[in-house]
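One rule links them: number in the numbering used here = place in the sequence shown (from 1) + 56.
Glycine included, every Cβ here is placed at the ideal spot set by N, Cα and C.
Values in this document were obtained by computation on a predicted structure and should not be read as measured data.
Since the structure comes first, as structure tokens, the remarks are kept for the end.
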Amino acid sequence: MHHFLNAVSYIFHPLFIPIGGTVLYFMVTPYSSLEVQSGNILPIFILTVIIPIIFFLILKNLGVINSIFLPTLQERKYPLYISCVLLLMILYKVIPNNYVHELFYFFTGLLTATGAALILLFLKFKASIHLLGMGSLLMFMIGLSIHFEINITLAISLFTLLTGVVATSRLYLKAHSRAELLIGFFIGLGSQLLILKYWL
Numbered sequence: 057m058h059h060f061l062n063a064v065s066y067i068f069h070p071l072f073i074p075i076g077g078t079v080l081y082f083m084v085t086p087y088s089s090l091e092v093q094s095g096n097i098l099p100i101f102i103l104t105v106i107i108p109i110i111f112f113l114i115l116k117n118l119g120v121i122n123s124i125f126l127p128t129l130q131e132r133k134y135p136l137y138i139s140c141v142l143l144l145m146i147l148y149k150v151i152p153n154n155y156v157h158e159l160f161y162f163f164t165g166l167l168t169a170t171g172a173a174l175i176l177l178f179l180k181f182k183a184s185i186h187l188l189g190m191g192s193l194l195m196f197m198i199g200l201s202i203h204f205e206i207n208i209t210l211a212i213s214l215f216t217l218l219t220g221v222v223a224t225s226r227l228y229l230k231a232h233s234r235a236e237l238l239i240g241f242f243i244g245l246g247s248q249l250l251i252l253k254y255w256l
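Now the structure itself:
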């Protein structure tokens, strides 16, 4: 059980949420060209997965952080700063070149949620970034279903179940308290919910 729940924490690491949302969008949308897909997916993958991994290795070698799960308040600050900068780069450089209305607001929601998690760090509260990511993606899925009038209820149900599994893994591994998980989830869900009115 320990190995399974540990694997869940790696598979659904918040690092993969931006690219996950991007791929999900292009799977659901009834209209998108290959040029638009490649123009968004590749740079977003580089900016949200490859570059953060490079920064992680640099910060780990400098002794600033010790684990990819960032267990302490201090360790979380630098990756969240970097995440905010990279999300801003996507919003100002990547998406405007291949403008995708829905993705713009998805990343705006992610930036809002990341900023809220960073503010909470200064208040000495460690909101779960895992659940923040899962909540963001879940609300984005619901929004896409309504926006394109496509029935993806099964996928939403499955992802809701997976969100519960991720929450269980974080509790089992003693990475977070229930309050930290709930706050993280509602920050992610709420940030996307607030943005919905601009693109639905």
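Endpoints, the alpha helix (DSSP H) within which residue i is located
i: G95; result: L90 to F101
i: T78; result: I73 to V84
i: F60; result: H58 to I67
i: L126; result: Counting along the chain, L126 falls outside any alpha helix (DSSP H), and DSSP gives it neither H nor E.
i: F181; result: Note, F181: premise wrong, no alpha helix (DSSP H); not H, not E.
i: P108; result: I107 to N117
For residue j and residue i, the rounded distance between their alpha carbons
i: I121; j: L210; result: 39 Å
i: L159; j: N117; result: 34 Å
i: G165; j: M57; result: 34 Å
i: A63; j: L252; result: 32 Å
i: F151; j: I67; result: As written in the sequence, residue 151 is Ile, which differs from the Phe given in the question. So the two alpha carbons sit approximately 26 Å from each other.
i: I212; j: H157; result: 22 Å
i: K180; j: S89; result: 45 Å
i: L227; j: L237; result: 8 Å
i: L143; j: P99; result: 12 Å
i: A231; j: F215; result: 21 Å
i: I97; j: L167; result: 18 Å
i: G77; j: L250; result: 17 Å
i: I243; j: Y87; result: 30 Å
i: K133; j: F241; result: 19 Å
i: V234; j: E91; result: Correcting the residue type first, residue 234 is Arg in the shown sequence and not Val. Computed Cα separation, rounded: 43 Å.
i: F82; j: F163; result: 15 Å
i: F60; j: A223; result: 13 Å
i: L229; j: L126; result: 13 Å
i: I198; j: L217; result: 14 Å
i: I206; j: V221; result: 26 Å
Contact under 8 Å by Cβ, residue i with residue j
i: A173; j: L136; result: yes
i: H186; j: P70; result: yes
i: A19; j: S247; result: Examination of residue 19 is not possible in this model, given that the chain is present from 57 through 256 alone.
i: L200; j: T219; result: no
i: I75; j: V105; result: yes
i: L245; j: G191; result: yes
i: C140; j: G189; result: no
i: T85; j: F204; result: yes
i: F101; j: I138; result: no
i: W255; j: Y148; result: no
i: I114; j: A183; result: no
Query raised in the report: Hey, which unbroken runs of the alpha helix (DSSP H) at 4 residues or more fall wholly within the stretch 183 to 241?
Result: 185 to 203 and 209 to 228
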